[in-house]
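Peer 1:
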Amino acid sequence: MAFARSRQALAIAGVLGLALGATACGTGNDKKSDKASSPECAAYEKYQGHDGKKVTIYSSIRDLEADRLDQSWKQFEDCTGIDIDHEGSGEFEAQLGVRVDGGNAPDLAFIPQPGLLKRFVDSGKIKTVGADTKALAEQNFTPDWLKYSTVDGKLYGVPLGSNVKSYVWYSPKTFKEKGWQVPTTWDDLIKLSDQIAASGTKPWCAGIESGDATGWPATDWIEDLMLRTQTPEVYDQWTTHGIPFNDPKVAEALDKAGTILKNEKYVNGGFGGVKSIATTSFQEAGTPITTGKCALHRQASFYANQWPQGTKVAEDGDVFAFYFPAVDPAKGKPVLGAGEFVSAFADRPEVQAVQTYLASGEYVNSRAKIGDWLSANNKLDINNVPNPVDKLSVQILQDPKTVFRFDGSDLMPAAVGAGTFWKGMVDWINGKDTATVLQGIESSWPK
Amino acid sequence: MTTATPTVPAGTQATEKTTRAARVRKRLNSRTATLVSIVIALVWTIPTFGLLISSVRPENEIKTTGWWTFFTNPQFTLDNYQQVLFSTSSSSGQLASYFINSLAITIPSVLFPLAFASLAAYALAWINFKGRDWLYIAIFALQIVPLQMALVPLLKFFSTGVTVAGVTVLPAWGLVDEQKFAQVWFAHTCFALPFAVFLLHNFISQLPRDLMEAARVDGATHPKIFRTIVLPLVTPALAAFGIFQFLWVWNDLLVALIFAGGGDETAPLTVRLAEMAGTRGNEWQRLTAGAFVSIVVPLTVFLSLQRYFVRGLLAGSVKG
Amino acid sequence: MEFDFAEEQPKFLMLMYGLIAFVAVVGGLLLLLDAVPAWFARRREAQLIAASASGTPLPRRRKEREGLFALFFLLPTLLLLTIGLVVPAIRTTLLSFMDRGSNDWVGLRNYGWMFSEGSIIRVLVNTLIWVLLVPLVATAFGLLYAVLVDKARFEAVAKSLIFLPMAISFVGATIIWKFVYAYRGDGQEQIGLLNQIVVGLGGEPKQWLLESPLNTFLLIVIMVWIQAGFAMVVLSAAIKAIPADIVEAARLDGVTPWQMFWRITMPSIRPALIVVVVTLSIATLKVFDIVRTATNGNYDTSVIATEMYNHAFRYGENGQGSALAVFLFVLVIPIVIYQIRNLRQQREG
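Residue numbers (UniProt numbering), protein chains in the order written: chain A, 1 to 447; chain B, 1 to 320; chain D, 1 to 349.
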C-alpha cells in the first residue's frame, strides 16, 4: 500500500524533525459561499450573511468527541461560510477563567457547570442571549432546563447536550443465566444485592478516581439518593445552601448511599474492599461486570463509551443499564442528569448566529445522528439517536412523570461542588464518618 | 589587544589535567563501584522500563495484568504507537504537526534566556555598580513566583496591551495562528530568567579574578571581555542550563496551553498527548506510547550534549 | 486530515523569524556595547589631543560609565522580569487582600482563613516535609552516586539512566509511578510493581496512596527519582573538576577514601552543592504537577502550590489562592538570606 507507506514515512520524517517533501493528498477546499444557494442549505437561510467570519468555541470536549462536534456543524459552516474554530481542553474549567481574566476569552464556551456560568455572569463577562436565540431556546427547552442558565431573570446560556445519571449498569446476559430480575423498586434492588452477595460475588463495583476531579462519581451517588430520600424541593434547598450541608436530611442520604457503598459485603466487586473505591478509576470501575466479578454499577449514560472494545451495549447484549429505582415510587420518578450550556463572551452577530444554531432542532438532530449524544432539546427526534442507552435516556427525559434535577455539585459554588464535596466524598469512602465529613463541607461553603 | 590569548593556555592546561586525572581514576577503578552503580542505575530505570513494556502491550492486557507478565506471556502490539503517531482524531491532525510546534516553541525559548541571562549574570558578577548585590538577590528571589500566578497578567499584556491612565503605552499584540509562538517564547523567557541568572552567575562569578583584571588592565572593555573571555569559558555552563531549559520547555503543558492554544497550528506535543486520552479518559493506554514518543527528543539532546556538558562544567568551577 | 507538509511552512517561517529576532537583538546589543565605548574612546582621544595642544588641564575620566554598561547588559533581563514576574508578584500580593472576585478589600481575612482552616494547616505541614526531604535526599543520593560512578566503568551509561527521569515531564513521571503504586484487591493479579513485590513476599496488597502520612513520602519518592539526576550530573561535573594533583597528593599522603571524601571532595564541590540544594529547594516549594496528578491533594497529601491553583483557578477564590502564593514568597525568605550570606562570603573571599 503506497498510501500507507507514504504516511508512515512522513511521520518518521516528522519524528526526526527532518524536512521531507510533502506527498500527502491535500483535501479539496470547497469555496463555501457558492454552496449557500444549494437546496441542502435551505435550512440555514436565517443564519446567512456572515460569510468568512470566524467564531471560536472553547470546551472540555477532546479527541474523538471533538471530531464528532466538528462533523456535526460541518454543513452549517459550508452553507453559511462561518468558520467555527473549536478547541477542547482537559483543563477547561481552570483555563476558561484564565483566558477570560486575561482578556482572551473565546466567543462561545460550552460550560457544564451552572455554578461556573453564574460566576462569569457575576463578573459581567458573559453576554445575555440574543432575542432570536432566546425565543428559540424557550421553544425547544423546558423552563426547568433554562432556569440553570438564568440569572436575575436574564438568560445567559442555552442548553446543548445532556446526560442521564440515574442508571445502574448490568449484564443482561449474566442476569439471564442466573435468573436475576431487573429491579424496579429500591427494596428489590437491595434484595437482589443480598441474593448476589449470598452467591459469593460482591454485587456492586464502583470507582471514584478521576484525576484532578477525583470524587465526583460519589457525589453523583449522594445526589441521586438526596432525590430519592428527600423531596425535589429539599434537593433545591440543598444545592443553593437553603439548608446547611450538614443537615440531618443530607446525612440521611449519605447513610443510605453508605448502605451500599460502605458495605463490605456489597463492594467492591473485582477490585477489593470499600477503600478500593477511592483508588479505582471511574473509567474502569464497571469493567468487572463483563467478567462476572461484579453485577451492578451505578453510572451515567455516557459510561456506554467506557466498556472494553467489542462489548455489545444493548438490552439483549453484554451490558446495559436500568433506571436507578426510586425509594418511594409514589413521589414520581426522580432523575439526576447534567449537561452543558452554550454561553457567549462576545455579541458579534455571527457569534449569536452560531449560538442560535446550536439551540436549534437542526443542530441537535445533526449531532445525535453521529452517535453517543443526546439533548433535552424537545426537537430531538428519538429515531435519530442510534445508541440504545441514549434512546432510553431520551425516553426518560421526555417522560412526563420524570422529576428532573441537575447534578447538584455542578450547581454549587466551585469551592464546594468541585472542591470540598469531592474531597469529602473521598474521605468518606476512605473511612471518615458522615457527620465529620458533612461538617467539613459545610464549613467550607463560601460566605 | 591580548584578551583572546588566556583561553588557549587555559584550555590545554585543562586537557592535560583531565588526562592525568583519568590515569589516577583508572587506578582507583574498582569492580564493586561499577557493580553497585550499575545495579542502582538499573533499579532506577525499572519504572520507565515498565512503561516501555506497557506501551507495546494490548489495551486489555495493560489494564488487567502487570507488565512483567509480558515475559511469561508476550503479547506484542504496536497499536498504541500506531494510534499515537497516526492519530485517530481527524480534527486534531497528525502528531508530526505537533512535533514541529514543539521544536518551533523550544528552540527560541532556550536561546533567548541563555543570551539575556548570561549578559545579566556577567554584569552582576563583574561590573561594579551600586546595588548590584541587591539586584542579584532580587532576581534570585523571583524564582519563587509560581508561574500560575503570572499567567493572567501576562496574558492581559498580550491581549490588551498596556494602558496607563487611559493612554495606550503598548498596544495589544493581536497575534494569530503560528504567530502565537512569539507569545510562548516571551513567556518561557520571562519564567526562565531568574534560574538562568542564578545558575550562570554562579559560574561566571567564579572565573579567576586575575584573568579579568589582567584583561581590564590591557584595556579590554566589558563587552569585549564578555565575548572573548567569559563566553568561551562558561560554554559548558551554558550547555548545562540549555539542557535544563530545553527539558523544561519541551515538557511544559501549562504555558503552552495558555499562550499557544490547543490547535494543531501552535500547540506542542504535550498538549496533544494530554488530549489523547479522550474526553472521558478511557483511552489512556495511548499515554504509554505517547510518553515514549515525547521522550525521544529530549533524551537525544541530553545524550548528545552530555559529554560536552559534563566535561565542561569544570571550566566554570576552577577557582581563581 | 492528512499530514500536509506545505501547511507546516508558516511555522518554520515563524521559527526563522524568531531566530532572526534573536540574532538581531543579541547581536545588536553586543554591537551597541562595542560601538558606543569605541566612540567614547575616540572622543576622549580627540579631547586629549586637543587638550595637549591647547595646554588646558585634562578632563577627568568619568566613572559612571560602568553603571551605564551594567544597565545595557541588564536591560533585556530587567524588562522581561518586570513584565513577566514582578508585576504579577505585586498583583498577587494585592489580590491576597481582596475578596474572591477581587472587587473589595478584605484586609487580612484570607490570611486568617489560611491559618484557621484545618485542611490548609495540613497543607503547610506537608509542604514543609517536602522542602526538608527532597533537597536532602536527592542531593545526598546524587552525591553518593556521583562519587561512586566516578570510579566505575560504563559511567556514561549509568549516568544516562539516572538522568533519564529528568527527560520525562512531571506528569509523565507521575503516571509511571501510579503504575508502580497501583492496587488490585487481595487474591487478584496485581498490576502495580510494589504490590506485586509485597504479595511475592507473602504480604497483603496495600493501597499505597491512601495511607497518610506514608503517601506523602511515596510522592516525595517521585520527586527524588526525577531530581536526583540533576544533582548527580552537576555534582559529578564538580567532582571531576577537582584538580588531579590535589587528589594525587592526598593519595600519596595515604588518606583513606573516607578522609578523601570529607577533606578534599566536599570542600571542593561546595559551590556546586549549594547550587543543587538551593535549586531543589525552590523547585520543591513550587511542586505542583506530581501531587495533582497522583492524588489531586486527596488523602492529606496536598501542598501549597496545588491548593493555590485549586483556589485561584478552579474554585474562583482569587483572594485565598493569592494568599497561599504570598505564603510561598514568605517561605523562600530563609533561602534568600542564606544566599545573601553566601554572596557576602564570596565577595570577601
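Where a beta carbon is used, it is the ideal one built from N, C-alpha and C, also for glycine.
Among all the DSSP beta bridges, which residues are the ones paired with R344/D?
Peer 2: Residue numbering aside, residue 344/D sits at position 344 when the third sequence is read from its first letter. Answer is none; R344/D lacks a bridge partner.
Peer 1: Applying the 10 Å Cβ sphere with the 16-neighbour rule, what's the burial state of P143/A?
Peer 2: Taking the first residue of the first sequence as position 1, residue 143/A is located at position 143. Looking at its Cβ environment, which holds fewer than 16 other Cβ atoms inside 10 Å, P143/A is exposed.
Peer 1: On the DSSP letters alone, give me the boundaries of the beta strand (DSSP E) that N163/A sits inside.
Peer 2: Residue mapping note: residue 163/A aligns to position 163 of the first sequence, counting from 1. N163/A -> beta strand (DSSP E) spans V158 to V164.
Peer 1: Using a C-beta cutoff of 9 Å, does G261/B count as contacting chain A?
Peer 2: As a working mapping, residue 261/B is identified with position 261 in the second sequence. Yes, contact with chain A.
Peer 1: For K11/D, which residues in chain B fall below 7 Å Cβ to Cβ?
Peer 2: Residue mapping note: residue 11/D aligns to position 11 of the third sequence, counting from 1. What K11/D touches in chain B: I100, N101, A104 and E178.
Peer 1: Measuring only the C-alpha atoms, how far is Q306/A from V125/D?
Peer 2: As a first step, residue 306/A must be located in the first sequence, where it is residue number 306. As a first step, residue 125/D must be located in the third sequence, where it is residue number 125. Each residue's Cα considered, the two are about 39 Å apart.
Peer 1: Using DSSP with H/G/I as helix, E/B as strand and the rest coil, what is T15/B?
Peer 2: Locating residue 15/B in the second sequence gives position 15, where the first residue counts as 1. With a pLDDT of 49 at T15/B, under the threshold of 50, the predicted position of this residue should be treated as unreliable, and no value is reported.
Peer 1: In the DSSP output, which residue or residues are listed as bridge partners for M98/D?
Peer 2: As a first step, residue 98/D must be located in the third sequence, where it is residue number 98. W105/D.
Peer 1: Using a cut-off of 7 Å between C-beta atoms, extract the partners of A33/B located in chain C.
Peer 2: Here the protein chains are A, B and D, and chain C is not one of them.
Peer 1: May I ask you to list the residues that DSSP assigns as paired with G84/D?
Peer 2: The residue labelled residue 84/D in the question sits at position 84 within the third sequence. DSSP output for G84/D lists no bridge partner at all.
Peer 1: My output table needs one value for K173/A: the three-state DSSP class, helix, strand or coil.
Peer 2: Position 173 of the first sequence, counted from the first residue, corresponds to residue 173/A. DSSP places K173/A in helix when its eight states are reduced to three.
Peer 1: Only counting the same chain, and skipping five residues up and downstream in sequence, which positions put a Cβ closer than 6 Å to that of L33/D?
Peer 2: Taking the first residue of the third sequence as 1, we reach residue 33/D at position 33. F72, listed in sequence order.
Peer 1: Whole angstroms is fine: what's the gap from V26/D's alpha carbon to I264/D's?
Peer 2: Along the third sequence, one-based indexing puts residue 26/D at 26. Along the third sequence, one-based indexing puts residue 264/D at 264. Computed Cα separation, rounded: 41 Å.
Peer 1: Under the assumption that V354/A contacts I82/A (Cβ atoms under 8 Å), give the Cβ distance between them as a whole number of angstroms.
Peer 2: Looking up residue 354/A in the first sequence gives position 354. Looking up residue 82/A in the first sequence gives position 82. So it is a contact: roughly 6 Å between Cβ atoms.
Peer 1: When you compare the CB positions of E93/A and A418/A, do they come within less than 9 Å of one another, or not?
Peer 2: Position 93 of the first sequence, counted from the first residue, corresponds to residue 93/A. Position 418 of the first sequence, counted from the first residue, corresponds to residue 418/A. Against a cut-off of 9 Å, the Cβ pair of A418/A and E93/A comes out as a contact.
Peer 1: So, under 8 Å CB-CB, V184/B and S97/B are touching, yes? Tell me the CB distance rounded to an integer number of Å.
Peer 2: Along the second sequence, read from residue 1 onward, the residue named residue 184/B stands at position 184. Along the second sequence, read from residue 1 onward, the residue named residue 97/B stands at position 97. In fact, because the Cβ distance is near 16 Å, the residues do not count as touching under 8 Å.
Peer 1: In this structure, how does DSSP classify L103/B when only helix, strand and coil are distinguished?
Peer 2: In the second sequence, counting from the first residue as 1, residue 103/B sits at position 103. Three-state result, L103/B: helix.
Peer 1: Roughly how many whole angstroms lie between the Cα atoms of R119/A and G130/A?
Peer 2: The residue given as residue 119/A occupies position 119 in the first sequence. The residue given as residue 130/A occupies position 130 in the first sequence. For R119/A and G130/A, the distance between alpha carbons rounds to 20 Å.
Peer 1: Do A141/B and V332/D have their C-beta atoms within less than 9 Å of each other?
Peer 2: As a first step, residue 141/B is located in the second sequence; it is residue number 141 there, counting from the start. As a first step, residue 332/D is located in the third sequence; it is residue number 332 there, counting from the start. Closer than 9 Å, so yes.
Peer 1: Is the CB-CB distance between A38/D and P236/B below 9 Å?
Peer 2: For this step, residue 38/D is matched to residue 38 along the third sequence. For this step, residue 236/B is matched to residue 236 along the second sequence. No. Outside cutoff.
Peer 1: Grouping DSSP H, G and I as helix and E and B as strand, with all else coil, what is E138/A?
Peer 2: Reading the first sequence from its first residue, position 138 is the one you call residue 138/A. In this structure, E138/A counts as helix in the three-state DSSP scheme.
Peer 1: Identify, in the order they occur along the chain, each residue of the same chain with its Cβ nearer than 8 Å to the Cβ of A213/A, setting aside the five sequence neighbours on each side.
Peer 2: Translated into the one-based positions of the first sequence, residue 213/A becomes position 213. Answer for A213/A: A418 and W422, listed in chain order.
Peer 1: Verify the CB distance criterion: does A256/B have a CB-CB separation below 9 Å to chain D?
Peer 2: Position 256 of the second sequence, counting from 1, holds the residue named residue 256/B. Answer no: the Cβ-Cβ gap between A256/B and chain D never drops below 9 Å.
Peer 1: Looking at C-beta atoms only, is the number of pairs between the region 50 to 59 of chain B and the region 284 to 297 of chain B that lie closer than 8 Å three or more?
Peer 2: They touch, by the three-pair rule.
Peer 1: Considering only residues of the same chain and omitting the five flanking positions on each side of K127/A, which have a CB-CB separation below 6 Å?
Peer 2: The count along the first sequence starts at 1 and reaches residue 127/A at position 127. Excluding sequence neighbours, K127/A sits near A344 and D347.
Peer 1: Taking C-beta pairs closer than 7 Å, name the residues in chain D that D212/A reaches, listed in chain order.
Peer 2: Within the first sequence, residue 212/A is the residue found at index 212, counting from 1. The contacting residues are R292 and N296.
Peer 1: Indicate whether at least one CB of chain D lies closer than 9 Å to the CB of D372/A.
Peer 2: To locate residue 372/A, count along the first sequence from 1; it is residue 372. Taking Cβ atoms only, chain D never reaches closer than 9 Å to D372/A, which makes this a no.
Peer 1: Could you name the residues of chain B that E45/A contacts, counting a contact when the two beta carbons are closer than 9 Å?
Peer 2: By 1-based counting over the first sequence, the position of residue 45/A is 45. Neighbours of E45/A on chain B: none; closest Cβ ~27 Å, over 9 Å.
Peer 1: Going along the chain, which residues of its own chain have a beta-carbon closer than 6 Å to the beta-carbon of P194/B, five neighbours each way excluded?
Peer 2: As a position in the second sequence, residue 194/B is number 194, starting the count at 1. Cβ neighbours of P194/B beyond the five flanking positions: I139, L142 and Q143.
Peer 1: Please report the straight-line C-alpha distance between T80/A and E340/A, rounded to a whole angstrom.
Peer 2: Counting from 1 along the first sequence, the entry for residue 80/A is found at position 80. Counting from 1 along the first sequence, the entry for residue 340/A is found at position 340. Roughly 25 Å between the two C-alpha positions.
Peer 1: Using the rule of at least 16 other Cβ atoms within 10 Å of the residue's Cβ for burial, across every protein chain shown, is T189/B buried or exposed?
Peer 2: Along the second sequence, one-based indexing puts residue 189/B at 189. With 16 or more Cβ atoms within 10 Å of its Cβ, T189/B is classed as buried.
Peer 1: Who are the near neighbours of M223/D in its chain, counting only those whose CB is closer than 8 Å to its CB and skipping five residues on each side?
Peer 2: Indexing the third sequence from 1 puts residue 223/D at position 223. W130, V134, A138, T284, V287 and I290, listed in sequence order.
Peer 1: What does A117/B touch in chain D if you count any residue whose Cβ is under 8 Å from its own?
Peer 2: The residue labelled residue 117/B in the question sits at position 117 within the second sequence. Per Cβ cutoff of 8 Å: T77.
Peer 1: Look up F341/A in the DSSP assignment and give the residues it is bridged to.
Peer 2: Here residue 341/A refers to the residue found at position 341 of the first sequence. DSSP lists I111/A and P159/A as partners of F341/A.
Peer 1: Once the 5 residues before and after F86/B are set aside, which same chain residues still bring their CB inside 8 Å of it?
Peer 2: Taking the second sequence and counting its residues from 1, one reaches residue 86/B at position 86. Correct list, in chain order: Q94 and L95.
Peer 1: From A120/B to P268/B, what distance separates their C-alpha atoms?
Peer 2: For the purposes of this step, residue 120/B is taken as the residue at position 120 of the second sequence. For the purposes of this step, residue 268/B is taken as the residue at position 268 of the second sequence. Approximately 30 Å between the Cα atoms of the pair.
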